[in-house]
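Sequence order for the protein chains is B and Y.
The numbering of the first sequence is numbering that gives the first Met the number 0, which starts it at 0 and goes up by one.
The numbering of the second sequence is numbering that gives the first Met the number 0, which starts it at 0 and goes up by one.
Remarks on the structure that follows.
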Amino acid sequence: MIKRYILSGEDFSIAGEASSSFKAVLKKLGIDAGIIRRVAIAMYEAEINTIVHGGGGECEAEIEGNKITLVFRDQGPGIPNLDLAMQEGYSTATEEIRELGFGAGMGLPNIKKYTDSMNIETEPGKGTTVTLVINL
Amino acid sequence: MEYFHSVTLDTNKCHGCTNCITHCPTEAIRVQNGKAKIIKERCIDCGECIRVCQSHAKIAVADTFAMLDDFKYNIAMPAPSFYGQFNSMFTIGQILTAFKKIGFDHVFEVARGAEYVSAATRYILENENPKKPVISSACPAVLRLIRERFPNLLGNVLNIISPMETAAILARREASEKTGLAPEEIGVFFISPCPAKVTSVKSPLTLEKSNVSGVITAKSAFKKIISIIEDVSEEENLSVSGSEGIFWARTGGECLGTGSVETIAVDEIHNVITVLEEIDNGKMTSVDFVELSACPSGCSGGALNIENPFLASSRISQQSKKKPQIKEIKDLDVDGLRWEKEVQIMTFAPLDSDLGEAMRKMELMEEIYERLPKLDCGSCGSPSCKTLAEDIVRGFASENDCIFLMREKVRDLAKELFELNENYRDFKKEG
Numbered sequence: 000m001i002k003r004y005i006l007s008g009e010d011f012s013i014a015g016e017a018s019s020s021f022k023a024v025l026k027k028l029g030i031d032a033g034i035i036r037r038v039a040i041a042m043y044e045a046e047i048n049t050i051v052h053g054g055g056g057e058c059e060a061e062i063e064g065n066k067i068t069l070v071f072r073d074q075g076p077g078i079p080n081l082d083l084a085m086q087e088g089y090s091t092a093t094e095e096i097r098e099l100g101f102g103a104g105m106g107l108p109n110i111k112k113y114t115d116s117m118n119i120e121t122e123p124g125k126g127t128t129v130t131l132v133i134n135l
Numbered sequence: 000m001e002y003f004h005s006v007t008l009d010t011n012k013c014h015g016c017t018n019c020i021t022h023c024p025t026e027a028i029r030v031q032n033g034k035a036k037i038i039k040e041r042c043i044d045c046g047e048c049i050r051v052c053q054s055h056a057k058i059a060v061a062d063t064f065a066m067l068d069d070f071k072y073n074i075a076m077p078a079p080s081f082y083g084q085f086n087s088m089f090t091i092g093q094i095l096t097a098f099k100k101i102g103f104d105h106v107f108e109v110a111r112g113a114e115y116v117s118a119a120t121r122y123i124l125e126n127e128n129p130k131k132p133v134i135s136s137a138c139p140a141v142l143r144l145i146r147e148r149f150p151n152l153l154g155n156v157l158n159i160i161s162p163m164e165t166a167a168i169l170a171r172r173e174a175s176e177k178t179g180l181a182p183e184e185i186g187v188f189f190i191s192p193c194p195a196k197v198t199s200v201k202s203p204l205t206l207e208k209s210n211v212s213g214v215i216t217a218k219s220a221f222k223k224i225i226s227i228i229e230d231v232s233e234e235e236n237l238s239v240s241g242s243e244g245i246f247w248a249r250t251g252g253e254c255l256g257t258g259s260v261e262t263i264a265v266d267e268i269h270n271v272i273t274v275l276e277e278i279d280n281g282k283m284t285s286v287d288f289v290e291l292s293a294c295p296s297g298c299s300g301g302a303l304n305i306e307n308p309f310l311a312s313s314r315i316s317q318q319s320k321k322k323p324q325i326k327e328i329k330d331l332d333v334d335g336l337r338w339e340k341e342v343q344i345m346t347f348a349p350l351d352s353d354l355g356e357a358m359r360k361m362e363l364m365e366e367i368y369e370r371l372p373k374l375d376c377g378s379c380g381s382p383s384c385k386t387l388a389e390d391i392v393r394g395f396a397s398e399n400d401c402i403f404l405m406r407e408k409v410r411d412l413a414k415e416l417f418e419l420n421e422n423y424r425d426f427k428k429e430g
């Protein structure tokens with residue numbers, strides 16, 4: 000079963016809607032509450048990344064018998080230095096975005112912490128695809 | 000399992016309108032066969048439906064004054080919000096003395112219990128390094144909401160009993176020492192601003208058995224007291240609490256008592272849900288303490304109160320200014336105030352116990368939803384088109400319950416009948 004969410008880069012205030020909506024789906028499917036929490040936190044962070052850094056994009060969430068796969072795609076600037084981006088506290092967010100309470104440099108490290116696998120494909124100027132897997 | 004709920008329906012008064020179903024924060028009400036029906040597993044007794052029902056068909060079941068006859072000695076325990084129901088020209092001492100004129104032998108302020116809970120909270124925040132943010136457990140409707148919708152956050156909830164339970168322990172102990180009566184001969188009655196407190200006494204989540212003997216609504220106590228309070232000329236020295244405890248009656252009062260640096264105080268159930276969502280998403284971890292109350296303006300806005308919540312809240316400020324900040328607590332026993340048992344998680348049944356089948360039903364639900372008008376009008380008896388789709392998949396409702404789909408069906412049927420009739424005429428002509 001696949002759910003698709005459009006993540007508009009125009010409006011920060013809707014950030015979090017996709018993860019909230021997917022969380023409700025998982026509850027109705029009877030997925031374990033601890034797993035739902037990990038999915039929600041990872042998805043929320045990735046959703047913010049796609050909106051803030053990627054300028055918007057889409058999320059595809061697939062539920063299979065043994066795992067949940069979340070794929071985030073954007074056509075943004077890409078991540079110039081992935082090793083730096085993985086460090087806690089490192090952030091390229093602008094002052095404006097930090098004022099909104101985002102950009103503390105916890106995004107990718109947090110996502111890694113809450114998922115079973117994380118794969119990032121990024122190309123400068125072309126965009127980024129982040130694939131997250133949480134085992135059931 | 001049987002669920003006790005204070006919030007119930009007076010079927011005779013219910014017109015089957017859509018007010019309660021669309022306002023219920025946990026989508027616990029449906030209208031079936033022209034009458035509202037409360038889904039017991041989902042109701043958290045917040046009292047939102049009591050507030051919005053214009054036919055006054057939603058009622059709170061509580062105890063009556065007749066129950067005082069069951070005990071040899073009776074103590075009234077007014078919630079601090081009760082003071083806000085009276086004009087500020089009456090003193091707290093007068094209000095407390097009035098309880099002794101309407102059948103009680105003694106009175107004990109729940110505000111004093113609140114001061115013990117504040118002291119225990121400060122102790123835990125300072126010494127036990129609890130998981131942040133610490134979430135208040137004082138509002139029983141919020142506690143039920145958390146165990147139902149945010150079970151992951153139970154580990155953040157302060158595991159200290161409520162001011163009401165604390166006050167009941169203190170009041171009974173004191174009375175037993177003073178009168179020599181056995182604890183069970185002493186009746187302890189909470190004067191409640193809300194139905195959730197009634198439920199928490201009748202079926203407690205954190206104790207084996209409540210320390211409170213009975214719960215009387217603020218409304219019914221107010222009615223008795225307002226008629227005699229002007230005759231209370233000599234007030235007795237019954238007030239044992241300072242401003243810290245009394246302030247618990249309004250939003251932010253509990254936060255003040257924690258002595259923490261970063262706190263947030265949230266009132267009104269829909270706001271509470273928004274904040275819990277955020278905490279559940281891993282946000283707000285820098286916040287030390289989160290106070291949550293289901294009612295607007297905190298307990299001052301309880302559904303069983305009489306006065307406007309904002310006015311009541313302002314009166315609480317005025318009354319508390321006349322008090323010292325806190326009266327010293329010499330006998331604080333934090334462990335004696337801890338929960339006796341962990342809160343049991345309450346999860347809804349999934350669409351199906353088999354994941355594959357649940358996914359199939361979820362897809363079916365989405366197909367049905369696409370056919371619905373997405374107006375969330377409530378005419379079908381479900382609170383929104385999304386819930387109707389779910390109710391259909393779960394077998395509790397049918398697509399014919401939607402008046403818009405029904406209208407389309409009738410139109411199609413009429414068209415078909417018309418065409419049949421035309422064909423029949425053509426056939427006759429030819430014949």
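The beta carbon of each residue, even a glycine, is placed where N, CA and C say it ideally should be.
Because the structure is a prediction, the values reported are computed rather than measured.
Starting from the beta carbon of residue i, find every residue of chain Y whose beta carbon is closer than 7 Å, and list them in chain order.
i	result
B/Ser19	Glu276
Excluding sequence positions up to five away, which residues of its chain have a Cβ less than 8 Å from the Cβ of residue i?
i	result
Y/Lys34	Leu8, Thr10, Cys13, Gly15
Y/Ile305	Gln84, Ala217, Lys218, Phe221
Y/Lys36	Leu8, Ile28, Arg29, Val30
B/Ile35	Lys22, Leu25, Lys26
Y/Phe188	Asp62, Met66, Leu67, Asn73, Ile74, Ala75, Met76, Phe103, Val211, Ser212, Gly213, Val214, Ile215
Can you tell me where the alpha helix (DSSP H) with residue i in it begins and where it stops?
i	result
Y/Ile228	Here Y/Ile228 belongs to no alpha helix (DSSP H), and DSSP marks it neither H nor E.
Y/Ala166	162 to 178
Y/Lys319	Looking at the sequence provided, one finds Ser at residue 319 of chain Y rather than Lys. Where Y/Ser319 is concerned, the enclosing alpha helix (DSSP H) stretches over 308 to 320.
Y/Thr434	Outside the shown range of chain Y, which is 0 to 430, sits residue 434 of chain Y, and nothing can be said about it.
Y/Met361	354 to 370
Y/Leu387	384 to 392
B/Lys27	16 to 27
Y/Arg146	139 to 148
B/Lys112	106 to 113
Y/Ile185	Counting along the chain, Y/Ile185 falls outside any alpha helix (DSSP H), though it belongs to the beta strand (DSSP E) covering 185 to 191.
Would you kindly report the start and end of the unbroken beta strand (DSSP E) that includes residue i?
i	result
B/Gly4	Going by the sequence as given, residue 4 of chain B is Tyr instead of Gly. From DSSP, the beta strand (DSSP E) with B/Tyr4 extends over 1 to 7.
Y/Ser292	288 to 292
Y/Ser199	Run containing Y/Ser199: none in the beta strand (DSSP E); it sits in the alpha helix (DSSP H), 194 to 201.
B/Cys58	55 to 62
Y/Val342	Looking at the DSSP string, Y/Val342 is not in any beta strand (DSSP E), and its letter there is neither H nor E.
Y/Asn35	Here the sequence assigns Ala to residue 35 of chain Y, which means Asn is not the residue at that position. Element bounds for Y/Ala35: 34 to 37.
Y/Val304	Reading off the sequence shown, one finds Asn at residue 304 of chain Y, where the question assumed Val. Note, Y/Asn304: premise wrong, no beta strand (DSSP E); not H, not E.
Y/Ala264	262 to 266
B/Asn134	126 to 134
B/Asn118	116 to 122
Y/Thr216	213 to 216
Quick one: residues in its chain with C-beta nearer than 7 Å to the C-beta of residue i, no 5 flanking neighbours on either side, listed in chain order?
i	result
Y/Lys39	Tyr2, His4
B/Ser7	Ile13, Gly55
Y/Thr250	Ala264, Asp266, Ser292, Ser296, Gly297
Y/Asp425	none
Y/Pro162	Val109, Gly112, Ala113, Val116, Ala137, Trp247
B/Ser18	Ala39, Met42, Tyr43, Glu46
Y/Ser319	Ser242, Ile245, Phe246
In chain Y, what lies closer than 8 Å to residue i by C-beta?
i	result
B/Ala14	Going along chain Y, no residue has its Cβ under 8 Å from B/Ala14, so there is no contact; the nearest lies around 11 Å.
B/Met0	Met358, Met361, Glu362
B/Ile40	Asn280, Gly281
List, in order along the chain, the chain B residues whose C-beta lies closer than 9 Å to that of residue i?
i	result
Y/Ser352	Gly29
Y/Pro349	Lys26, Lys27, Leu28, Gly29, Ile30
Which chain B residues are close to residue i, counting only those with a beta carbon under 8 Å from its beta carbon?
i	result
Y/Pro150	Ala32
CB-CB under 6 Å to residue i, same chain, minus the five flanking residues each way: which ones, in chain order?
i	result
Y/Ser199	Pro139
Y/Phe103	Asn73, Ala75
Y/Gly256	Ser117, Glu243
B/Leu131	Ala41, Leu69, Thr114, Met117
B/Leu107	Ala84, Met85
Y/Ser316	none
Would you mind telling me which residues of chain Y sit closer than 9 Å to residue i, beta carbon to beta carbon, in chain order?
i	result
B/Phe43	Residue identity check: residue 43 of chain B is Tyr in the sequence provided, not Phe. Going along chain Y in sequence order, the residues near B/Tyr43 (Cβ under 9 Å) are Asn280, Gly281, Lys282.
B/Arg3	Within 9 Å Cβ-Cβ: nothing; B/Arg3 doesn't reach chain Y, min ~12 Å.
Closer than 7 Å: is that where the CB of residue i sits relative to any heavy atom of the ligand MG?
i	result
Y/Asp230	Looking for the ligand MG in the displayed structure turns up nothing, as the structure carries no ligands at all.
task: Check each residue of the segment 48 to 79 of chain B: if its Cβ is closer than 7 Å to any Cβ of chain Y, include it; give the result in chain order.
output: Within the segment 48 to 79 of chain B, the residues whose Cβ lies closer than 7 Å to some Cβ of chain Y are Ile62, Gly64, listed in chain order.
Complete alpha helix (DSSP H) runs within the segment 59 to 125 of chain Y (minimum length 4 residues, chain order): Listed in chain order, the alpha helix (DSSP H) elements of length 4 or more contained wholly in the segment 59 to 125 of chain Y are 91 to 98.
task: Select from the segment 356 to 378 of chain Y all residues with a C-beta closer than 7 Å to any C-beta belonging to chain B, and list them in chain order.
output: For the segment 356 to 378 of chain Y, which is checked against every Cβ of chain B, the residues closer than 7 Å are Ala357, Met358, Met361, Glu362.
task: Compile a chain-ordered list of the residues in the segment 267 to 295 of chain Y whose CB is closer than 7 Å to at least one CB of chain B.
output: Under the 7 Å Cβ criterion, the segment 267 to 295 of chain Y contributes Glu276, Asp279, Asn280, Gly281.
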